[in-house]
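For the sequence shown, our numbering begins at 1067 and goes up steadily by one.
Note that beta-carbon positions come from the ideal geometry of N, C-alpha and C, so glycine has one too.
As the structure is a computational prediction, the values presented were derived from the model and not from experiment.
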Amino acid sequence: MTENEKNMMKEMAHHAAGQGCPGSRFMQLHRDDVQEETSPVSSGRAVSRLNQWPCQIKLLPTNAPFYDGAKLLIAADCTAYAYANMHEDFMKGRITLIGCPKLDDIDYTEKLTEIIAGNNIRSVTIVRMEVPCCGGLQRAAENALKNSGKFIPWQVVTISRDGRVLEE
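Structure below.
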């Protein structure tokens, strides 16, 4: 049996034991204070600002310690590729939730409502693309805010297909 086959067997046994995929196990990522203050220009390399794993809305739990006192970023998948400074301008200091209403074929309203209603969320920033299909993500987030019964500061930022901020 090859090493790859052994690893696959271990992974299958892990799933069979009810422990789920390691890639969907949630965790908070801790960044050094120094890393938080270091700008990408001074260090020569951009630093990831992702503060938790997973980040896909479909995979995230509705209740986790990283939501306590969190600023949420609800972003369309494409925004991180279209907008070059996504980590510094939007992800830094926020819990990031990403999704694509067109490809995921799901209405995120219910899950986002549970996250916002069931946790101490301080603010919500929605970052979407200018394309019409991204309207589904914005509507889901806005409906979740309304359905939560909470009054939380929120904003919508629209990114153009060529990577410019169109609206804030």
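To the nearest whole angstrom, what separates the beta carbons of residue 1160 and residue 1137, a pair I think is in contact under 8 Å?
5 Å
Write down the C-beta distance between residue 1135 and residue 1183 rounded to the nearest angstrom, noting that I regard them as a contact closer than 8 Å.
Incorrect: roughly 15 Å between the Cβ atoms, too far for contact.
According to DSSP, what are the bridge partners of residue 1139?
1162, 1191
Counterpart residues of residue 1175 in DSSP-defined beta bridges:
Partner(s): none; residue 1175 has no beta bridge.
Rounded straight-line distance, which links the Cα of residue 1226 to that of residue 1164
17 Å
Tell me which same chain residues have a C-beta within less than 6 Å of the C-beta of residue 1143, skipping the five on either side of it?
1164, 1166
Bounding residues of the beta strand (DSSP E) (the contiguous stretch that carries residue 1122):
From DSSP, residue 1122 is part of no beta strand (DSSP E); its letter is neither H nor E.
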